[in-house]
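Participant: Before I ask anything, let me first share the structure, which is written out below as C-alpha cells.
There are 2 protein chains.
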Amino acid sequence: MTIRLVIADDQALVRGALAALLGLEPDIEVVAELGDGTGVADAVVELAADVAMLDVEMPGLDGISAAAAVRRASPSCRVLMVTTFGRPGYLKRAMQAGASGFVVKDTPARQLAEAVRRVHRGLRVVDPVLAAESLTSGDSPLTEREADVLRAASDGGTVADIAKAAMLSEGTVRNYLSAAMAKTGGRTRAEAVRLAEDNGWLL
Amino acid sequence: MTIRLVIADDQALVRGALAALLGLEPDIEVVAELGDGTGVADAVVELAADVAMLDVEMPGLDGISAAAAVRRASPSCRVLMVTTFGRPGYLKRAMQAGASGFVVKDTPARQLAEAVRRVHRGLRVVDPVLAAESLTSGDSPLTEREADVLRAASDGGTVADIAKAAMLSEGTVRNYLSAAMAKTGGRTRAEAVRLAEDNGWLL
DNA sequence: AAGCACTCATGACATTTGTCATCCCGGATG
DNA sequence: CATCCGGGATGACAAATGTCATGAGTGCTT
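Protein sequence lines, in the order shown, are assigned to chains A and B. Sequential numbering from 1 applies to the first sequence in the working numbering. Sequential numbering from 1001 applies to the second sequence in the working numbering.
Printed below as a string of C-alpha cells:
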C-alpha cells in the first residue's frame, strides 16, 4: 500500500522536481501538485491523501495556515513542512498548526523520502539544528500591533507611510517601533525588521 | 550521445530533486551535483560537461562569477542560469558573464529539460517576462561605491556602522546614501536598499 | 475590585538622517 | 588644456527618527 502524497510549493521548478524525485520511490505516489496553499485541504480530502508536503512561503494561503486547514479537513493526513529559510519561529508555529514534520530545503535529498515515511508512520521529523535554534530564540516577544507595524515598515517607507498603512497616528507608530526595537535588540528600525524576520516573528 | 550536465545549487533538496528530474530524460546525464560555485569550473573540465546549470544565489562563489569561470575554463560548455528571484539586473550580468540561458524557478518543470537541450544546441533561452523587465529597468545607475555603501546598509546598521565597514567618513557615507536614494527613487535608506536589491543592482 | 497587559495617543527632547554647497584629487575625454 | 566624472571629505541646516513620560480606554486575571 503506497503513501498518497500531495505537494504544494510556489516554485514550479522545485515542485516538479520534488514530485519527480519522490515519485521514484516505490512506496510513494504523488497524487497532486499545487502552486499555492488555497486548494490543498480540498485536494487532500478529495484524493484521500496520507501526507501533505507544504512550503511555508507561498502566495495566497501560507503554509502554516494551509497546514491548519489540512488538519481540520482531514485529521488522518499528516503534514510535512518544507522551507527555504530556517526561521526558528516558523517551526513552533507549524507544530502548533498541527504539522508532524519540519525540514529545510538544504537537507540531503535522500532523507526527504525517509521524512515522508516517518511522518506517515506518525513519527515527528524535525531538523535538529532548527530545533535547537528554536529553543534558544524562544517565542516572539512582539505584540500583534508591534509585529503589524514592523511588517508595514519592512518595505522601507517613512513613519508617515506606516501610519497611513496601519491607520495609526505617527506618534503611535514611533512608539511601537521603539518598543519593537527594544525587544528585538535592533538599534534601528531596519535592523529590528531584519532581526524579527530572521526569527520568523513576522509570520 | 547524451548531454553531460553539471548542477550547482546550494539547497540540497532542490539540487537533488533537479538532478532526479533531469536524470529521467534519456538524452541527459547528470555527471555532478555541487553545493556551491567554487568547484564548478573544475568539475566541468574534469568531467567534460556539455552544460552547467547554476543557481545565481550561492554561498562562496556566486552563480554569475561561477558562470564566468566555467566559460573561461571550458568555452565549449554552455551555462544555464536558474534563479529563485527574477531580478532584472541579474539577467544582463549573467549574459555578460557568458551564460546562454536564464530561467526562474517557477517555470514549468517540463520546460526545464527543453531549456537544457536548447542551450546545448547553442540557442539562447531567456524568460520572456524577465527579458521585458530587464529592458525597462535598464542598467544600474549606481556607481561602485554607492552600491558598496548600500550593501553595507542592507543589514540595517547606523551610518557609523556603515562608515566603519566601508572605511569611509560618516559624512561621505551620508553623501553616497543620498546619491543612491536619488538614483533609485527611494525616500529612505531602507527603501533604496530594497529597490536596488529588487533590480539586482547589488550583485 | 485591583492589577496588569495591550492599544492608542500627545508632547517634548536629543540624535540621527538626508540635503546641499563646497572643496581636493586623479583619470578620462573632449 | 579644459572639462567632466568618480572618489573622498567637511560643515551647516532642516527634517525625520528614536526615546521618554504621561494619559486614557479596554479586556483579562486573580
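In this text, a Cβ means the ideal position worked out from N, Cα and C, and glycines have one as well.
Taking beta-carbon pairs under 9 Å, can you tell me which members of the region 90 to 109 of chain A lie near chain B?
Facilitator: VAL103, VAL104, LYS105, ASP106, THR107, PRO108, ALA109
Participant: In the structure shown, what three-state DSSP assignment does A:ALA52 receive?
Facilitator: Three-state result, A:ALA52: strand.
Participant: Would you mind working out which of A:MET181, A:ARG145, A:VAL129 sits nearest A:ALA166, comparing C-alpha positions?
Facilitator: A:ARG145
Participant: Sort B:MET1058, B:SER1074, B:LYS1105 by Cα distance to B:LEU1047 and report the nearest one.
Facilitator: B:SER1074
Participant: Assuming A:ALA67 contacts A:VAL51 (C-beta within less than 8 Å), just tell me the rounded distance between them.
Facilitator: No, A:ALA67 and A:VAL51 are not in contact; Cβ-Cβ is about 12 Å, not under 8 Å.
Participant: Counting only runs that start and end within the region 1086 to 1138 of chain B, where is the beta strand (DSSP E) found for 3 or more residues in a row?
Facilitator: 1101 to 1104
Participant: Using three-state DSSP, classify A:PRO33 as helix, strand or coil.
Facilitator: Correcting the residue type first, residue 33 of chain A is Glu in the shown sequence and not Pro. If DSSP states are grouped into helix, strand and coil, A:GLU33 belongs with the strands.
Participant: Does the beta-carbon distance from B:SER1044 to B:VAL1006 come in below 9 Å?
Facilitator: According to the sequence displayed, residue 1044 of chain B carries Val and not Ser. Taking 9 Å as the Cβ cut-off, B:VAL1044 and B:VAL1006 qualify as a contacting pair.
Participant: Could you work out which residues of chain B lie near A:THR143, taking near to mean beta carbons separated by less than 8 Å?
Facilitator: By Cβ distance, chain B contributes nothing, its closest Cβ being about 21 Å from A:THR143, past 8 Å.
Participant: If you follow the beta strand (DSSP E) that A:THR83 is in, where does it begin and where does it stop?
Facilitator: 78 to 83
Participant: Identify every residue that forms a DSSP beta bridge with A:ALA8.
Facilitator: Partner(s): A:LEU34, A:LEU54.
Participant: Run through the DSSP bridge pairs and tell me what A:ILE3 is partnered with.
Facilitator: DSSP, once it has assigned bridges, lists A:ILE28 as partnering A:ILE3.
Participant: When the Cα atoms are used, what is the spatial distance from A:GLY60 to A:ASP36?
Facilitator: 6 Å
Participant: Out of B:ARG1194, B:LYS1092, B:LEU1150, point me to the one whose CA is closest to B:ARG1174's CA.
Facilitator: When only C-alpha atoms are compared, the closest one is B:LEU1150.
Participant: Alpha helix (DSSP H) containing B:LEU1061: first to last residue?
Facilitator: Here B:LEU1061 belongs to no alpha helix (DSSP H), and DSSP marks it neither H nor E.
Participant: Give the straight-line distance between the Cα atoms of A:MET53 and A:ALA97, rounded to the nearest whole angstrom.
Facilitator: 14 Å
Participant: If B:ARG1194 sits next to A:ASP155, beta carbons under 8 Å apart, how far is it from one beta carbon to the other, in whole angstroms?
Facilitator: 6 Å
Participant: Using a C-beta to C-beta distance shorter than 8 Å, which residues of chain A count as neighbours of B:ALA1020?
Facilitator: ALA17, ALA20, LEU21, LEU24, ALA109
Participant: Who are the near neighbours of A:VAL31 in its chain, counting only those whose CB is closer than 7 Å to its CB and skipping five residues on each side?
Facilitator: ARG4, LEU5, VAL6, LEU47, ALA49
Participant: In whole angstroms, what separates the C-alpha of B:ALA1115 from that of A:ALA115?
Facilitator: 31 Å
Participant: What does A:VAL193 touch in chain B if you count any residue whose Cβ is under 9 Å from its own?
Facilitator: GLY1156, ALA1190
Participant: Here's the rule: buried if 16 or more other CB atoms are within 10 angstroms of the residue's CB, otherwise exposed. What is A:LEU130?
Facilitator: buried
Participant: For B:ASN1199, does the three-state DSSP call read helix, strand or coil?
Facilitator: coil
Participant: Can you list the residues of chain B that A:ASP10 reaches, using a CB-CB cut of under 8 Å?
Facilitator: ASP1106
Participant: Determine the DSSP secondary structure at A:ASP161, reduced to helix, strand or coil.
Facilitator: helix
Participant: Can you round the beta-carbon distance between B:ALA1012 and A:ASP106 to whole angstroms, since I take them to be within the 8 Å contact cut?
Facilitator: 5 Å
Participant: Is B:ARG1071 helix, strand or coil when you go by DSSP?
Facilitator: DSSP, read as helix, strand or coil, puts B:ARG1071 in helix.
Participant: I believe A:LEU34 touches A:ILE28 by the beta-carbon criterion, under 8 Å. Please report the beta-carbon distance rounded to the nearest angstrom.
Facilitator: With a contact defined as Cβ atoms closer than 8 Å, A:LEU34 and A:ILE28 miss out at about 17 Å.
Participant: Please decide whether A:THR84 counts as near chain B, where near means a Cβ-Cβ distance under 9 Å.
Facilitator: Interface residue, yes.
Participant: Using the beta-carbon count (16 or more within 10 Å), is A:PHE85 buried or exposed?
Facilitator: Exposed.
Participant: What's the C-alpha gap between A:LEU91 and A:ALA19?
Facilitator: 23 Å
Participant: Report, in whole angstroms, the separation of the C-beta atoms of A:VAL284 and A:GLY63, which I expect to be a contact under 8 Å.
Facilitator: With chain A represented from 1 up to 203, any question about residue 284 of chain A goes unanswered, as that position is not in the structure.
Participant: Interface residues of chain A around B:ARG1187 at Cβ under 9 Å?
Facilitator: Within chain A, the residues whose beta carbon sits less than 9 Å from that of B:ARG1187 are GLY156, GLY157, THR158, ASP161, listed in sequence order.
Participant: For chain A, is any of its Cβ atoms less than 9 Å away from the one on B:ALA1153?
Facilitator: Closer than 9 Å to the CB of B:ALA1153 there is at least one CB belonging to chain A.
Participant: Expressed to the nearest angstrom, what Euclidean distance is found between the alpha-carbon atoms of A:GLY122 and A:SER140?
Facilitator: 28 Å
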